[in-house]
């Protein structure tokens, strides 16, 4: 029996993380919002089948929302770190998906990339960017 792979989708508030999950799932499974503040309060897991594979797709609270957002920036960061460490102690993380809005690349994008890919995951987990 094949074990479902963990895929974590992360990025700033309003980047389209929940919409991306709905696209992958082929149906509306994750709540979305058109507001400036996020709608994901904590990490949410969605079991999704793609072709013959099963995946646990993790929707995370938006990063860099500030202290007055749905989930203050420091709390979102702490939640993401906890999720990564919890999964690392279990089945592991198969893929990080960094979701961000185009067309400008801001310095915080590189900072978040370095933090999650290099510092926390120690360059052992593949990462892709979705704009």
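In the numbering used here, the protein residues as written are 227 to 357.
Don't be surprised by glycine CBs; every beta carbon is placed ideally from N, CA and C.
Worksheet item: Taking the C-alpha atoms as reference points, what is the distance between residue 318 and residue 243?
Response: Straight-line Cα distance between these residues: approximately 21 Å.
Worksheet entry | Continuous alpha helix (DSSP H) stretch holding residue 322: start and end | From DSSP, residue 322 is part of no alpha helix (DSSP H) but of the beta strand (DSSP E) over 321 to 325.
Fill in: Residue range of the unbroken beta strand (DSSP E) whose run includes residue 232
Counting along the chain, residue 232 sits inside the beta strand (DSSP E) bounded by residues 231 to 237.
Worksheet item: Between residue 277 and the rest of its own chain, which residues show a CB-CB distance below 8 Å, the 5 nearest in sequence each way excluded?
Response: Closer than 8 Å at Cβ, skipping near neighbours: no residue.
Practice prompt. For residue 333, count neighbouring C-beta atoms within 10 Å of its own C-beta (all shown protein chains included) and say buried if the count is 16 or more, exposed if not.
Written response: When all chains shown are included, residue 333 counts as exposed.
Worksheet item: When the Cα atoms are used, what is the spatial distance from residue 302 to residue 228?
Response: Between residue 302 and residue 228, the C-alpha separation is close to 31 Å.
Practice prompt. Would you list the residues sitting across from residue 289 in a DSSP beta bridge?
Written response: In DSSP, residue 289 forms a bridge with 238.
Worksheet item: For the putative contact between residue 322 and residue 347, defined by C-beta atoms under 8 Å, what is the C-beta separation to the nearest angstrom?
Response: Correct: roughly 7 Å between the Cβ atoms.
Item to complete: Report yes if the CB atom of residue 353 is closer than 9 Å to the CB atom of residue 284, and no otherwise.
Response: Against a cut-off of 9 Å, the Cβ pair of residue 284 and residue 353 comes out as no contact.
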